[in-house]
């Protein structure tokens with residue numbers, strides 16, 4: 030089965046590239062935010078064109094003055110791609126825009142629930158609709174950094190990504206195994222991250238820090254902390270990586 034579907038996936042990818050991708054340019058279809066995001070999200074590009082496709086995506090965002098401008102399927106793909114590519118600041122800027130189009134525009138217009146369309150509708154479209162609710166997933170997975178990496182939250186990754194003027198994020202999720210929580214704050218030049226891993230699960234924690242910076246857990250050197258295993262330094266993401274068992278942990282480092 031794996032061989033069959035690997036072959037089918039490769040066939041679909043080549044058909045997509047032949048139909049929609051302009052070779053050597055990174056341009057996908059009509060080069061909208063959604064078109065560029067889909068190709069990057071689903072890996073439907075020649076490897077040599079990925080950087081150019083990401084550049085085209087950034088330019089598509091710029092054409093809308095850093096506003097979101099895609100539909101219900103494009104939004105989660107777009108936000109995920111920006112997170113994967115280290116462009117969380119750009120995503121944060123898009124999410125927090127207060128003018129049309131965007132979630133902030135809905136709030137500024139007095140909305141207390143999400144609309145079905147970006148523009149206010151005179152009772153043609155719903156004003157209480159989950160169509161653009163995928164931004165909530167971005168809050169959990171990117172800002173708070175909670176991401177399941179095993180079935181039923183048996184393994185959990187915590188990789189919070191501070192952005193914009195945020196000085197703290199506090200987030201919890203009631204999984205089938207119990208509460209999963211991530212709470213970070215920037216205080217007096219320190220980055221403090223508290224995570225909760227439910228019983229029967231394990232976690233991996235990415236702690237933003239420069240190489241060689243001291244890290245503590247519950248006030249002790251991380252080397253002396255119980256149930257904490259250092260997995261080294263992730264230079265690409267500028268983070269220390271740790272493995273932890275169930276329980277609550279409080280990491281601190283310079284910011």
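In the working numbering, the protein residues as written are 30 to 284. C-beta: ideal position from N, C-alpha, C; glycine also.
Taking 8 Å as the cut-off, the Cβ atoms of residue 46 and residue 86 do not count as close. Counting only the Cα atoms, residue 209 lies some 34 Å from residue 64. The beta carbons of residue 162 and residue 143 sit about 6 Å from each other, so the pair counts as a contact at 8 Å.
A distance of 8 Å or more separates the beta carbons of residue 152 and residue 122. For residue 120, the secondary structure class from DSSP, reduced to helix, strand or coil, is helix. Taking the CA atoms as reference points, residue 230 sits about 41 Å from residue 57.
With fewer than 16 other beta carbons inside 10 angstroms of its own, residue 34 counts as exposed. Judged by their CB atoms, residue 226 and residue 280 are not nearer to each other than the 8 Å cut-off. The three-state reading of DSSP puts residue 126 in coil, since its state is none of H, G, I, E or B. Per the coordinates, the alpha-carbon of residue 211 lies some 42 Å from the alpha-carbon of residue 51. In chain order, 97, 161, 163, 164 place their CB closer than 8 Å to the CB of residue 104, counting only its own chain and leaving out the 5 sequence neighbours on each side.
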